[in-house]
Amino acid sequence: KGAPENHEFKAETRMLLDIVAKSLYSENEVFVRELISNASDAIEKFRYISSTNPDNVTGLDRKLEIHIETNKQNRTLIIQDTGVGMTKDEMIDALGTIARSGSKNFLKQIEDSQQGAAANIIGQFGVGFYSAFMCATKVDVYSRGSHPDDVGYMWTSDGTGSFEIQECEDVAVGTKIVIHLKAECREYAEEDRIRDVIKKYSNFVGSPIYLNGNQMNLVQPLWLMEPKEVTDDQHTEFFRYIGNSFDIPRYKLHFKTDVPLSLRTVLYFPEGKPGLFEMSRDSDTGIALYTRKILIQSKTDLMLPKWLRFIKGVVDSEDIPLNLSRELLQNSNLIRRLRNVLTSKVLKFLYDKSVKDPESYEKFYKDYGLFLKEGIVTTQEQPQKEEIAKLLRFETNKNDDGSRIGIEEYIKQLKEDQKEIYYLAAPSRALALNSPYFESLQKRDYPVLFCYEPYDELVLMQLISYIVLMQLISYKGHSLVSVEKEMRRATSTEEVDQFFQEHASDTLSQRDTDDLVRFLKTELGNKVANVKYTSKLDHHPCIVTVEDMAAARHFIKTQSHQLT
Ligand code: ADP
Ligand code: MG
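For the sequence shown, full-length UniProt numbering begins at 53 and goes up steadily by one.
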């Protein structure tokens, strides 16, 4: 109806379109996500104005839905919504100029880079509506605003210099976008392909999405529900859905915050033991990042540290703009803050579990303790080390049943005269208890932490530096000492005298012992630093000690095992 008006795109837009149209970006499927998110935004906007200003809108009782149609014969994809729609001016404005920050950033990046590089980064920026031109020879937009006086218009462009706009009859309130696909993009005229794209990016969009008449998004975005209202069964179903598994959640952490950041989050700790997949540090994480129900990144490593990679779940923050590029996301201050909030939530959650439900925590630790150890060794964030320190568990000589205790508990068990925290590195509990290194401490009834793995000593080093910080000990001077080091401590002359007096009948004389020491020194030469007396052994004739890092010796031993 009426003559079509021709409008030039603004220079900036033209430049963007030019790059978009020529782009060979392989993940050009994101254009579907962009158009669906615009449709969803339009519906949300309509919901808002119809509740705040019902007198000024038409079609209050219509269904708020998104309809998508594929047509292989015509090689078209149609995306239609019943949202707010656009007036003529809004179409000229919104579809003719670049307002969104993502597109601006994109252009700036291109100015700073080589032409060739542009094509590789385009999809990462999600250039909104214009991304349709990655796959379209022509785009027709039919739209009608929600005001009772509004009439329909059709906007059309091939994405080069200009667009046409023209009044049009029989346009429903809302927006219909017809994408005429390039030959090489004909896959997007196929129902199966579009179904996959919707599943991937738009499965939790708030309004129903119909693909060729069938509703797609039937799984509710559970993370947006009131945490108290979600049943265990719903959690299990959702966990299985996102984790693609038959497991059940061991723990669930579902919470909302609005200040200082908007967060809607549900996180799951799997019941099953970690598989090889989780064990590998190269594995993807199990967190999907959304903004207002639209996927930004599945398997994102932005939201939790690597060592928490066994957690599955969804993080949704309205504060994150959809069109942030990967690079921008990574360097964003906002992301860093979200990540810190989430990580401390997880750590606090585990701490509460360890206090309130130690039995289940012990089970969790048995299966996933290794990750906590990785955490304390790898994290750079000092406060997090402290939090992790409280979550670690160790066997000690005191727990006959082989159960583990935390460092807080250990500190409570210290003997009055005990200034040091002792640990013993040994391959097993039995070997630790029978170790000559352990004798003298056992006599004094000191609690000793046992570590069985080569890396445990590293973990302990980390742990101990936080004991004072954690204010578990009110005075300084406590330090961590390996039992071996304790054995190296010089035995005083008085102690030696006393020993020979007490053992006059059942041991070598002091002179014979001196001879023996001299003999050993000559025989061993520079293979040893020293040979000396100790009065600390009862059942063993002698022991070998190393300067530090008992576990290092342990490690060398395992290594040479592997070599031979
Ligand atoms: P953004 O969504 O970030 O604003 P887009 O390039 O995706 O940027 O869209 C530009 C603008 O076009 C939107 O802000 C909106 O005003 C308008 N628009 C796009 N699609 C629709 C739609 N389906 N219904 C109503 N308005 C739309
Ligand atoms: Mg958009």
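Beta carbons are placed, not taken as given, at the ideal position from N, Cα and C, and that holds for glycine.
Worksheet entry | Option in Phe502, Val136 and His59 with minimal Cα separation from threonine 149 | His59
Item to complete: Grab the span of the alpha helix (DSSP H) containing glutamine 432 for me, first residue to last.
Response: Note, glutamine 432: premise wrong, no alpha helix (DSSP H); not H, not E.
Worksheet entry | Per-residue burial, aspartate 453 [other beta carbons within 10 Å of its own, 16 or more giving buried] | exposed
Worksheet item: Quick one: does the C-beta of asparagine 90 sit closer than 6 angstroms to a heavy atom of the ligand MG?
Response: yes
Worksheet item: Is the stretch 105-116 in contact with the stretch 271-283, if contact means three or more CB pairs nearer than 8 angstroms?
Response: no
Discussion item. Is glycine 258 close to the ligand MG? I mean its beta-carbon at under 6 angstroms from any heavy atom of the ligand.
Written reply: no
Discussion item. To the nearest angstrom, how far is the alpha carbon of lysine 415 from that of threonine 128?
Written reply: 55 angstroms
Worksheet entry | CB-CB length for phenylalanine 185 against leucine 69, believed under 8 angstroms | 6 angstroms
Worksheet item: Taking the alpha carbon of aspartate 382 as the point to measure from, which residue in Phe83, Ile130, Gln349 and Glu370 has its own alpha carbon closest?
Response: For clarity, residue 382 is glutamine in the given sequence; the question names aspartate instead. Cα-wise, what sits closest to glutamine 382 is Gln349.
Item to complete: Mind checking which residues open and close the alpha helix (DSSP H) that includes methionine 206?
Response: No alpha helix (DSSP H) contains methionine 206, which is instead part of the beta strand (DSSP E) from 204-209.
Worksheet item: On the premise that isoleucine 339 lies in contact with glycine 365, defined as a C-beta separation below 8 angstroms, what is that separation, rounded to the nearest angstrom?
Response: 6 angstroms
Discussion item. In the DSSP output, which residue or residues are listed as bridge partners for leucine 263?
Written reply: Ile120 and Asn266
Fill in: Under 7 angstroms between C-beta atoms of leucine 512 and tyrosine 475
yes
Worksheet entry | Limits of the unbroken alpha helix (DSSP H) element including serine 561 | Serine 561 -> no alpha helix (DSSP H), and no H or E assigned at all.
Worksheet item: Is the stretch 192-208 touching the stretch 224-233, taking contact as three or more C-beta pairs under 8 angstroms?
Response: yes
Discussion item. Here's the rule I'm using: 16 or more other beta-carbon atoms within 10 Å means buried, otherwise exposed. How should tyrosine 527 be labelled?
Written reply: In this prediction, tyrosine 527 has a pLDDT of 39, which is less than 50 and means its spatial position is unreliable; what the coordinates show is noted afterwards. Classification of tyrosine 527: exposed, given that the 10 Å Cβ count is below 16.
Worksheet item: On the premise that phenylalanine 401 lies in contact with isoleucine 363, defined as a C-beta separation below 8 angstroms, what is that separation, rounded to the nearest angstrom?
Response: Actually they do not touch by this definition, with Cβ atoms about 10 angstroms apart.
Practice prompt. Use the C-beta contact count for lysine 418: other C-beta atoms within 10 angstroms, 16 or more gives buried, fewer gives exposed.
Written response: exposed
Worksheet item: Taking the DSSP output, what are the residues bridged to threonine 128?
Response: Asn123 and His232
Worksheet item: Are the beta-carbon atoms belonging to residue 6 and serine 314 less than 7 angstroms from one another?
Response: The chain is shown only over 53 to 616; residue 6 falls outside these bounds and no answer can be derived.
Worksheet item: Hey, alanine 91 and aspartate 133: beta-carbon distance below 7 angstroms or not?
Response: yes
Fill in: Proximity test, glycine 226 beta-carbon vs the ligand MG heavy atom, cut-off 6 angstroms
no
Worksheet item: At what residues does the alpha helix (DSSP H) containing tyrosine 403 begin and finish?
Response: 385-408
Worksheet item: Rounded to a whole number of angstroms, what is the C-alpha to C-alpha distance between threonine 431 and lysine 437?
Response: 7 angstroms
Worksheet item: When every heavy atom of the ligand ADP is checked, does at least one fall within less than 6 angstroms of the C-beta of methionine 67?
Response: no
Worksheet entry | Coil, strand or helix - glycine 197 by DSSP | coil
Fill in: Neighbour flag for phenylalanine 83 against chain C, beta carbons, 7 angstroms
Within the model displayed, chain C is absent; a lone protein chain is all it includes.
Worksheet item: By Cβ distance below 7 angstroms, which residues in the same chain neighbour methionine 138 in space, the five residues on each side in sequence not counted?
Response: Ala146, Ser195, Gly197 and Thr227
Discussion item. Taking the beta carbon of phenylalanine 329 as the centre, do at least 16 other beta carbons fall within 10 Å, making it buried, or is it exposed?
Written reply: exposed
Worksheet item: Can the beta-carbon of serine 587 be found less than 7 angstroms from the beta-carbon of threonine 559?
Response: no
Worksheet item: Can we count glycine 137 as close to the ligand MG, meaning its CB is less than 6 angstroms from some heavy atom?
Response: no
Fill in: Residues near leucine 274 in its chain [Cβ-Cβ closer than 7 angstroms; skip 5 each side]
Val282, Gln286, Phe290 and Val318
Fill in: Exposure label - tyrosine 413; buried when at least 16 CB within 10 Å
buried
Worksheet entry | Bridge partners - alanine 91, DSSP secondary structure assignment | Beta-bridge pairing links alanine 91 to no other residue.
Item to complete: Spell out the partners DSSP gives valine 533 in its beta bridges.
Response: Tyr474
Item to complete: Express the C-alpha separation of leucine 354 and glutamate 239 in angstroms, rounding to a whole number.
Response: 31 angstroms
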